[in-house]
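Here the structure comes first, spelled out in structure tokens, and everything after it is commentary.
Number of protein chains: 2
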Amino acid sequence: MSGVKARNDKRKQILAAATRVFARKGFYHSKVSEIAAQAGVADGTIYLYFKNKDDLLVQLFEDTMDRILSGVRTALDGCTEIRQKIHLFIAHHLQLVQSDRDLAEIITVELRQSHKFMKEYANPKFGEYLQIFANIVQEGQDLGVIKAEINARVVSRALFGALNELFLYWLMGRGKFTLDEAIRNIDEILLGGLFVEHTSPCHR
Amino acid sequence: MSGVKARNDKRKQILAAATRVFARKGFYHSKVSEIAAQAGVADGTIYLYFKNKDDLLVQLFEDTMDRILSGVRTALDGCTEIRQKIHLFIAHHLQLVQSDRDLAEIITVELRQSHKFMKEYANPKFGEYLQIFANIVQEGQDLGVIKAEINARVVSRALFGALNELFLYWLMGRGKFTLDEAIRNIDEILLGGLFVEHTSPCHR
């Protein structure tokens, strides 16, 4: 068992190093040897765990998505009010960005730099993430509080795009607004735009 | 004069070739020599017009933004109703994507692959584009029809992110929705979320 644990720890150590190197140098300009140096392992060790640099990015993304999925499910657990669920989903996305800027930069900026990743990777966990939001919208429609004419798929994709763009802007230090202000505005627009009757956004 | 015209035509011919090559191979994997071949010019000719591949991307983007800016201003010219202005702005963005998929793919996907571009280019024309939308929101606030608590900068950035994500999804052929459906949903959410009183979206 300790062999499995040691292997898992080493894998995590390499992924943490890759996060720092990708965020600092950009995915395309990062070398596997730099990730090895940052992780304090031999170059060859990386290839015992990962096929190549693309594989590092995919596994980094999948590990992160696993944490996000479990985090957002925990946050939503026990919450039954649709407006509150929408707010929690958005706030959880915000917390991720605030808690690890390097990781957030990779998810928002660097991920798009891998042509292979964008064009070939089916990205099932990201689909799962969007589906959580689409399900909240669908549930609101079933309860009759969210407009029937809203397309849950379109809205979940649009929300992700909006949040991603705001966070990207914020990460690059160009945003002349705080993340809390961003969230308040998105809350306000979504709650006013999605619901049959307008309700003020609920805040934490 | 004909020398100036010939130079402009050659420049446009190279930019059109770059559009095709970038869209097909991705920015990072495209070679200047491939762009030259596509344009039917010698490799060295490219460097009479552009400093390097990054410069090609920047100039392609700036030329495109000039066309978009003039197009959206023409579309809005003479329109005084705020809801209609918002709809026209969104619809104009849609028309660009529909009219040139290669160009749209570069603007939405490839642009983000240039680390230099993303991190160092101040992107003034894109700022101008977002400012047009921010001004519409501001105008609506001055007229008292759009909620005072909305931050026009946040909303214009969020709208761009939402549209970009929807179009990216659509371009990659993964969208299980039409572009018209995307626009209808964004219209509905924005008009419901931004305005003091809910109004149905106006359609073309």
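Going line by line, the protein sequences match chains F and S. Following the numbering used here, the numbering of the first sequence begins with 1 at its first residue and continues without gaps. Following the numbering used here, the numbering of the second sequence begins with 1 at its first residue and continues without gaps. All C-beta atoms, glycine included, are put in the ideal place defined by N, C-alpha and C.
Distances from the CA of His92/F to each of Met172/F, Arg67/F, Phe22/F were compared; the closest alpha carbon is that of Arg67/F. In this structure the region 154-165 of chain S touches the region 161-169 of chain F; the number of beta carbon pairs closer than 8 Å is three or more. At least one CB atom of chain F sits nearer than 7 Å to the CB of Ala182/S. Phe195/S has Ile146/S as its beta-bridge partners, per DSSP. At least one C-beta of chain S is nearer than 7 Å to the C-beta of Ile189/F.
Going by beta carbons, Val32/S and Lys53/S fall inside the 7 Å limit. Excluding residues up to 5 positions away in sequence, Ile35, Leu56, Leu60 lie with their Cβ nearer than 7 Å to the Cβ of Ala18/S in the same chain. Under the three-state reduction of DSSP, Val155/F is assigned to helix.
In summary, Arg73/S is exposed, with fewer than 16 beta-carbon neighbours lying within 10 Å of its beta-carbon over all protein chains present.
Contacts between Arg157/F and chain S, judged by CB atoms closer than 7 Å, involve Glu165, Leu166, Tyr169 in chain order.
In this structure, the beta-carbon distance from Leu94/F to Ile186/F does not fall below 7 Å. Residue range 43-49 is occupied by the alpha helix (DSSP H) that includes Tyr47/F. If you draw a straight line from the Cα of Asp100/F to the Cα of Thr64/F, it is about 11 Å long.
For the C-beta of Ile186/F, the chain S residues within less than 7 Å are, from N- to C-terminus, Ala158.
His29/F sits in coil when the DSSP states are folded into three classes, being neither helix nor strand. Selection Gln98/S, Phe167/S, Gly40/S evaluated against Gln13/S yields Gly40/S as nearest (Cα-Cα). Within chain F, no residue has its beta carbon less than 9 Å from that of Gly140/S; the closest one is some 13 Å off.
Straight-line measurement puts the Cα of Thr45/S at about 32 Å from the Cα of Glu128/S.
DSSP places Asn52/F in the coil class of the three-state scheme, outside both helix and strand. Using a CB distance below 8 Å, no part of the region 45-59 of chain S faces chain F. Here the alpha carbons of Leu143/F and Gln84/F stand approximately 15 Å from one another. For Gly193/F, at least one C-beta of chain S is nearer than 7 Å to its own C-beta. Taking C-beta atoms as the reference points, Phe167/F and Val97/F count as a pair closer than 7 Å. Taking the C-beta atoms as reference points, Ile146/F is found nearer than 7 Å to Val137/F. Counting other Cβ atoms within 10 Å of its Cβ, Glu149/S stays below 16 and is therefore classed as exposed.
Val58/F and Thr108/S have their alpha carbons spaced roughly 21 Å apart. The CB of Gly161/S comes closer than 7 Å to the CB of Gly161, Ala162, Asn164, Glu165, Leu166 in chain F, given here in chain order. With its beta carbon less than 7 Å from one in chain F, Tyr28/S belongs to the interface. Counting along the chain, Glu81/S sits inside no alpha helix (DSSP H), nor does DSSP assign it H or E at all.
With a threshold of 16 other beta carbon atoms within 10 Å, Glu105/S meets it and is buried.
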